[in-house]
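Counting in our numbering, the sequence shown runs from 733 upward without gaps. Where a beta carbon is used, it is the ideal one built from N, C-alpha and C, also for glycine.
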Amino acid sequence: MSRNKKILYIGAATLFAAWLFCLPRELFPSTAYSTVVESAEGELLGARIAADGQWRFPPCDTVPERFAKALIQFEDRRFRWHPGVDPAALVRAAVDNAKYGHVVSGGSTITMQVIRLSRQRERTLWQKTVEAVLATRLELRCSKKRILALYASHAPFGGNVVGLEAAAWRYFGRPAAELSWGEAATLAVLPNAPASMHPGKNRDELLAKRNRLLKRLLEHGDMDATTYAAALEEPLPDAPLPLPSWASHYVEGCPRGARTRSTLQLPLQRAVEAAVNRRSDELARDGIADLAAVVIDNTSGNIVAYVGNASPYRERPGRQVDIAAAPRSTGSILKPFLYAAALREGVILPRTLLPDIPVNLSGFAPQNFDRQFYGAVPANEALARSLNVPSVFLLRQYGVPKFHALLKEAGLETLTRTPEHYGLSLILGGAEARLAEVTKAYRKFFLGENDLAVWYTLDALKEVNRPDELDWRLIRSVRKAAWKTGTSYGFRDAWAVGMTPHWTIGVWAGNADGHGVPGLTGARTAGPVLFDILNLLPADQNWFSEPEAGKSVYSAVCEDSGMLAGPGCPSAQMLIPQAGLDSETCPYHQTGEFVLPPAMEWYYRPHHPEYTGATLRRPSGTVQFIYPQNGALLSAPRQLNGQVEGIVFRAAHHRPDATLWWHLDNTYVGETSFQHEMKLVPAPGQHVITVVDEQGNTASVRFGMAE
Ligand SMILES: [Zn+2]
733 MSRNKKILYI GAATLFAAWL FCLPRELFPS TAYSTVVESA EGELLGARIA ADGQWRFPPC
793 DTVPERFAKA LIQFEDRRFR WHPGVDPAAL VRAAVDNAKY GHVVSGGSTI TMQVIRLSRQ
853 RERTLWQKTV EAVLATRLEL RCSKKRILAL YASHAPFGGN VVGLEAAAWR YFGRPAAELS
913 WGEAATLAVL PNAPASMHPG KNRDELLAKR NRLLKRLLEH GDMDATTYAA ALEEPLPDAP
973 LPLPSWASHY VEGCPRGART RSTLQLPLQR AVEAAVNRRS DELARDGIAD LAAVVIDNTS
1033 GNIVAYVGNA SPYRERPGRQ VDIAAAPRST GSILKPFLYA AALREGVILP RTLLPDIPVN
1093 LSGFAPQNFD RQFYGAVPAN EALARSLNVP SVFLLRQYGV PKFHALLKEA GLETLTRTPE
1153 HYGLSLILGG AEARLAEVTK AYRKFFLGEN DLAVWYTLDA LKEVNRPDEL DWRLIRSVRK
1213 AAWKTGTSYG FRDAWAVGMT PHWTIGVWAG NADGHGVPGL TGARTAGPVL FDILNLLPAD
1273 QNWFSEPEAG KSVYSAVCED SGMLAGPGCP SAQMLIPQAG LDSETCPYHQ TGEFVLPPAM
1333 EWYYRPHHPE YTGATLRRPS GTVQFIYPQN GALLSAPRQL NGQVEGIVFR AAHHRPDATL
1393 WWHLDNTYVG ETSFQHEMKL VPAPGQHVIT VVDEQGNTAS VRFGMAE
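The structure is reproduced here in structure tokens:
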């Protein structure tokens, strides 16, 4: 080989290598894109402008056929065949430009324009040459389809609208795939002179250009004469349209600058949003500004409708807050988890009597919502009526750390403190949780395992078991649902979560800034919204199926106490979870009659006229302290002037007409009949208080007085 030839080969190889590596790996590396969120069906839910202030949707892989055909006809007729540059077009451009004495045509291919869009250099002959070289390289890397998509995603469409997808929405209010011929042709000619979208003389030129393109498409056989005639009649778009804005809080929470395909179902989302907005506008008149709702499809576990906060159009502070994702006090909304877990693990049976009496647990004195005590209440009824005191007793029996772990396992991520921090208040709203998480946790916990515990829980929460919770006349048609409400301390949070076999719905109402409103309760505020939403959803054909017999057994259960029947109990066979065989045996029928301990009896009797236990004589356990509990540490309340107020000690006796004699540290302090209350001011230190009845029955508790 001659030396010259060698140089020639080396030179050619160098040039080839240079060509091979001339194109950057990423054509649009630092381009900012809009945040785009689509529904499960691929419809646009909402979008946010890109960081550089442009409406530029993240690139698509494909270009709709009409736009592709229109664009190729207008810009680059031999696009399908040329290798990135079109010599024929360049020659023709040169001839035209010479003929008219100025630039009338660039002769650039679509591929070259993609390169130009990616480089944004000034338009000189040299740059054009570089673009041509890079274009040939791009053709080697990408398919024609991909090149078209790159063009459609980055071409300017006037103002701050970049890319076909954003342009289709801004100018025509629909996705690019649904553009008519007239619309596709308008957008195909626009990037060539983006300013012509502005009103004025330019628009006549734009219209003329579009119509010339339509004629070409007709001649090329892309459309028939009828379609052509209709397309000519289409008007040019007016001012840019606002983009769709569904699930705005959800959209706000999606990754910035990217396209997200959500699980929300657009038709359902629209219906739920409308219903929730309507209710929210009503509630606003009562000072309840904010309302959120989440709907889960139980089959997939996906959230299919999400309203982070209703009526974003209503001017108010807090409307931007996504309440469904904000930690809020849980009220009673977690009680079903405790009932089901205690049942599953044999801590109780479905109707086990739980105490409902005054109790003071190291300073924590739970009260029921109606400030009454019922003495003893079956666990399922306590759940349905959402009584606080029985649930505190149940949690104490079940164990706070275990329940804490169970809730975290169910997905409540906001339980960040230790079980000791929450204590027994965990069951009464002492913790915070997010609506979306609570709703998901219901679905996961109550549908994850179809056992008897879950079945009994859902049964207790059926609306037929809660006649007085809601003004049912306000609800248009009541669908069968298992549902639970919650109201936080100070009327700040109203919750309702409802389940059918197919759906789980969560609703929260209140004020984003946290201020309470009298009358804000889970049942009356959030409940009606829950049923509004339920009525929008396709109806369930069946109720939850009864669990298979595997882990369940029949056992004799006491009809009065709901516990395992002892020898003296009136009993019936009942299906209970296997673990229930280890639960407690009824202690209340030792004499053959149903007799509760005095404190429970004291509060139980007024609500149960049929109760006769008090007429019997019993050897022990006749008299009992209600307050304080044994070992309690008390501190005397003070009046505003600093004077110490007395502490009211309370006891109960089986016999209504009994008289009790009171002794503090063996010193007689007074007597009581019927209502056994004694106000005393014990000195700081340890004490024993004792009561004695006529028969000599006694009860004592030790307590301490704080300094
Ligand atoms: Zn019994």
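With which residues is residue i paired in a DSSP beta bridge?
i: C1290; result: S1303
i: R993; result: E770
i: D1022; result: G1242
i: W1393; result: E1403, V1424
i: H1419; result: F1435
i: S1277; result: DSSP output for S1277 lists no bridge partner at all.
i: W787; result: V893
i: V1027; result: A1037, I1237
i: T1430; result: V1424
i: L1296; result: V1289, T1317
i: L1412; result: I1379
i: R1370; result: V1376
i: K1194; result: A1214
i: P888; result: V894
i: T1284; result: Note on residue identity: the sequence assigns Ser, not Thr, to residue 1284. DSSP output for S1284 lists P1309 as bridge partner(s).
Are the Cβ atoms of residue i and residue j separated by less than 8 Å?
i: A1192; j: A1116; result: yes
i: V795; j: R991; result: no
i: E1181; j: R993; result: no
i: P1233; j: N1274; result: yes
i: L938; j: F799; result: no
i: A1241; j: T1257; result: yes
i: L945; j: V921; result: yes
i: V1229; j: V1170; result: yes
i: G985; j: A908; result: no
i: A1297; j: C1318; result: yes
i: G1218; j: G1019; result: no
i: P1049; j: G1294; result: no
i: E915; j: E966; result: yes
i: H1095; j: D1314; result: Reading the sequence as shown, one finds Gly at residue 1095 and not His. No, the Cβ-Cβ distance between G1095 and D1314 is not below 8 Å.
i: V1239; j: L1262; result: yes
i: G890; j: A927; result: yes
i: A1041; j: H952; result: It should be noted that the sequence gives Asn, not Ala, for residue 1041. Taking 8 Å as the Cβ cut-off, N1041 and H952 do not qualify as a contacting pair.
i: F1465; j: M1231; result: Residue 1465 is absent from the model: the chain starts at 733 and stops at 1439.
i: V1039; j: A1025; result: yes
i: Q1356; j: A1390; result: no
i: L1081; j: V1249; result: no
i: N1112; j: Y1188; result: yes
i: G839; j: A821; result: yes
i: L975; j: G778; result: yes
i: S1287; j: I1308; result: yes
i: A1364; j: F1435; result: yes
i: A900; j: L1268; result: no
i: L1070; j: Y1130; result: yes
i: A1016; j: R1046; result: yes
i: H1408; j: V1401; result: no
Between which two residues does the beta strand (DSSP E) harbouring residue i extend?
i: N1034; result: 1034-1039
i: T1219; result: 1214-1219
i: Q1356; result: 1355-1359
Should residue i be flagged as near chain C, meaning a C-beta pair shorter than 8 Å?
i: R780; result: Reference to chain C is not applicable here, since this structure consists of a single protein chain.
Between which two residues does the alpha helix (DSSP H) harbouring residue i extend?
i: Y960; result: 957-965
i: G778; result: Note, G778: premise wrong, no alpha helix (DSSP H); beta strand (DSSP E) at 776-780.
i: R1382; result: Element bounds for R1382: not the alpha helix (DSSP H) but the beta strand (DSSP E), 1379-1385.
i: Y1130; result: 1120-1130
i: Y1320; result: Segment: none, Y1320 is in no alpha helix (DSSP H) and carries neither H nor E.
i: A1364; result: Here A1364 belongs to no alpha helix (DSSP H); instead the beta strand (DSSP E) covers 1364-1366.
i: E1333; result: 1330-1336
i: G743; result: 735-752
i: G1345; result: From DSSP, G1345 is part of no alpha helix (DSSP H); its letter is neither H nor E.
i: T861; result: 857-873
i: R1211; result: Here R1211 belongs to no alpha helix (DSSP H), and DSSP marks it neither H nor E.
i: L822; result: 819-832
i: W913; result: 913-921
i: Y1045; result: Element bounds for Y1045: n/a, residue is neither H nor E.
i: L803; result: 797-807
Worksheet entry | Whole beta strand (DSSP E) elements within the region 1056-1118, 3-residue minimum | If we require 3 residues or more, the beta strand (DSSP E) runs fully inside the region 1056-1118 come out as 1085-1088, 1107-1110.
Practice prompt. Give, in chain order, every unbroken run of the beta strand (DSSP E) that is at least 3 residues long and sits entirely within the region 1222-1268.
Written response: Every beta strand (DSSP E) stretch that sits fully inside the region 1222-1268 and reaches 3 residues is listed by chain position as 1225-1231, 1235-1242.
Worksheet item: Quick one: complete alpha helix (DSSP H) runs, 4+ long, within the region 1125-1174?
Response: Within the region 1125-1174, the runs of alpha helix (DSSP H) at least 4 residues long that lie entirely inside it are, in chain order, 1132-1141, 1151-1154.
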